[in-house]
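Quick note on numbering: the sequence shown equals residues 1 to 128 in UniProt numbering. Glycine residues also receive a C-beta, built at the ideal position from the N, C-alpha and C atoms.
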Amino acid sequence: MLETLKKTIFAGVGATVMSADAVKTALADLVKKGKLSADDAKAAFDKAAARGEEDAKALYGKAAARGKETLENLGALAGTKRLENLEKRVAAIEEKLGIPAPAPETPEDENSPVPAAEAPKPADGNAV
């Protein structure tokens, strides 16, 4: 995925360079035809270059943010998988030790007069 991102950014930079060359050529033609002064052409090119740089920075910022978001999502997914694996391991250990499986968790309703059920205690009465 990182390689694809690099290729995309380099393609954008390449397009920017090509666009800069095209703008220079077009402005030079206008100067040559007498439709634009050299000073005006330089000012127009500088303005276009500044705008291109701003756009490139914005694009890079968006790409970086998207990359960060993707990595965070992958990390969350890995965390979820790790949690599921741990839950399976705990269930297997509980089964081997003869500890009954707890009732499925339900969110406690703040308005309910009955508190949520406590976790089951082992048969010997000792807390785990």
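With DSSP collapsed to three states, give me the class of Ile99. In this structure, DSSP gives Ile99 a state outside helix and strand, which the three-state scheme calls coil.
Can you grab the Cα-Cα spacing for the pair Ala91 / Gly75, in whole Å? Rounded to whole angstroms, Ala91 to Gly75 spans 24 Å at the Cα level.
So, under 8 Å CB-CB, Ala49 and Ala20 are touching, yes? Tell me the CB distance rounded to an integer number of Å. So it is a contact: roughly 6 Å between Cβ atoms.
Label Leu77 either buried or exposed according to how many other C-beta atoms from any shown protein chain fall within 10 Å of its C-beta, with 16 as the threshold for buried. Exposed: under 16 other Cβ atoms inside 10 Å.
Using the C-alpha atoms, what's the distance from Lys24 back to Lys81? Taking the Cα positions, Lys81 is about 54 Å away from Lys24.
Going by C-alpha to C-alpha distance, which of Glu95, Asp29 and Leu59 sits closest to Ala41? Looking at the Cα atoms, Asp29 is the closest of the given residues.
By the three-class DSSP mapping on this structure, what secondary structure does Lys32 have? It is helical.
Does Leu27 pass the burial test, meaning 16 or more other C-beta atoms within 10 Å, or should it be called exposed? Around the C-beta of Leu27, 16 or more other C-beta atoms lie within 10 Å, and the residue is accordingly described as buried.
Given a cut-off of 8 Å, decide if Ala103 and Glu94 are closer than it, judged by their beta-carbon atoms. Cβ distance not < 8 Å, so Glu94 and Ala103 don't count as in contact.
Which of the three DSSP states is assigned to Glu105 in this structure? In the structure shown, Glu105 sits in coil (DSSP, three-state: anything other than H, G, I, E or B).
Cα-Cα separation between Leu71 and Val31, rounded to whole angstroms: Just so you know, the alpha carbons of Leu71 and Val31 end up roughly 50 Å apart.
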